[in-house]
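A.B. asks:
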Amino acid sequence: MSAAPRGHAASGLLDPDEPPAFEVVNAQGAGSAVLVCDHASNRIPRRLGTLGLAPEQLADHIGWDPGAAEVAHRLSAHLDAPLVLSGYSRLVIDCNRPLANTASIAEQSAGVPVPGNLGLTADARAARVETLFRPYHDAIDRLLDARSHRPSLLLSIHSFTPALDGEQRPWPVGVSHWRDRRFAALMSTALGHRVDGVVGDNQPYPIEEAIDYTVPVHGEGRGLHAVMIEIRNDGLRTRAQIDAWAERLATAYREIEAEAIKLGSFPANI
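The numbering used here puts the first residue of the sequence shown at 86, with every later residue one more than the last.
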């Protein structure tokens, strides 16, 4: 597996000794899958303190997708797939939200106020965009550009909380798609043979252009088939569970890989 290029800290928000905005794992991976993890970390830049939140709040699902990065790392190894991971919490700036969306820098998340996101100046918002959001997505662009001569299928790896706003979410895993559902349908069927329970079809979240960024922009926006994989996070609490999910996803992907590649590409920005 190749060394992991890392995004350099920009001077406006990150100190030189802080971790970078993104990490690329196995950039030269020979597999057809390309993995991304938008909510891989709950880290907050030192200069922003804790955004006014308690440690247990930052450790909860509002701060990141617990277990998603670990699954993505293991899946990358199983599939010899390149992987790009965000380096900072979705509460600083959400790498899967269009910048025009109010949830890009959320003033509250799942009913929890985020004091450090209130009353931000235009310069403060721009620092988060230029230091964290753009470098992460530029890294994905560079990776996909370098693979433009060969088939690529994009999988965005997430996790979700078992209950939200008083509603139980029964799916052990969900597969979400934007306009073209063919790749998602293949993955859903393959996963359905390997899980107890129903695979969520565009559940717990559908992909919408006004709400989601990664799949619309780096997937169908480039003419690539793409899905968002959402794993319920109560199934990601132990290493054994994480390993099992990575193996499950890898086996399902291998089963449908050839058929998914035959789908070909389609005109960008359909």
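Think of the CB as a built atom: it goes at the ideal place given N, C-alpha and C, for glycine as much as any other residue.
What is the residue span of the alpha helix (DSSP H) that Leu143 lies within?
C.D. replies: Leu143 -> alpha helix (DSSP H) spans 140-144.
A.B. asks: Relative to the C-alpha of Gly97, which candidate in Ala269, Ala115, Val119, Arg132 has its C-alpha closest?
C.D. replies: Closest option to Gly97, Cα to Cα, is Arg132.
A.B. asks: Give me the Cβ distance between His234 and Glu315, rounded to the nearest whole Å; I'm assuming they're in contact under 8 Å.
C.D. replies: Actually they are not in contact, since the Cβ atoms of His234 and Glu315 sit about 31 Å apart, beyond 8 Å.
A.B. asks: Going by DSSP, what residue range makes up the beta strand (DSSP E) through Ala275?
C.D. replies: Premise fails: Ala275 lies in the alpha helix (DSSP H), 267-277, not in any beta strand (DSSP E).
A.B. asks: Check for me: the beta strand (DSSP E) holding Ala325 runs from which residue to which?
C.D. replies: Where Ala325 is concerned, there is no enclosing beta strand (DSSP E), although the alpha helix (DSSP H) it sits in stretches over 324-347.
A.B. asks: Three-state secondary structure (DSSP) at Pro104?
C.D. replies: Note: Pro104 maps to coil in three-state DSSP.
A.B. asks: I believe Val284 touches Gly259 by the beta-carbon criterion, under 8 Å. Please report the beta-carbon distance rounded to the nearest angstrom.
C.D. replies: That belief holds up - the Cβ atoms of Val284 and Gly259 are roughly 7 Å apart, short of 8 Å.
A.B. asks: Considering Cα atoms alone, identify which of Thr246, Ile296, Glu293, Leu120 is closest to Ala166.
C.D. replies: Among Thr246, Ile296, Glu293, Leu120, the Cα nearest to that of Ala166 belongs to Leu120.
A.B. asks: Report the rounded CA-to-CA distance for Asp145 versus Ser194, giving the unit in angstroms.
C.D. replies: Near 11 Å, if we compare the C-alpha coordinates of Ser194 and Asp145.
A.B. asks: Determine the contact status of Thr216 and Ala106, defining contact as a CB-CB distance below 8 Å.
C.D. replies: Taking 8 Å as the Cβ cut-off, Thr216 and Ala106 qualify as a contacting pair.
A.B. asks: Determine the direct distance from the alpha carbon of Glu305 to that of Glu332, and round the result to whole angstroms.
C.D. replies: So the alpha carbons of these two residues sit roughly 26 Å apart.
A.B. asks: Taking its Cβ as the centre, do 16 or more other Cβ atoms sit within 10 Å of Arg159, making it buried, or is it exposed?
C.D. replies: The residue is buried, with at least 16 neighbouring Cβ atoms inside 10 Å.
A.B. asks: Below 8 Å between beta carbons: does that hold for Asp123 and Asn181?
C.D. replies: For Asp123 and Asn181, yes; Cβs fall inside 8 Å.
A.B. asks: So the beta strand (DSSP E) Leu168 belongs to, where does it begin and stop?
C.D. replies: Per DSSP, Leu168 belongs to the beta strand (DSSP E) from 168-171.
A.B. asks: Hey, would you say Ala152 sits closer than 8 Å to Leu321, going by beta carbons?
C.D. replies: The question names Ala, but residue 152 in the sequence shown is Gly. Yes, they are a contact pair.
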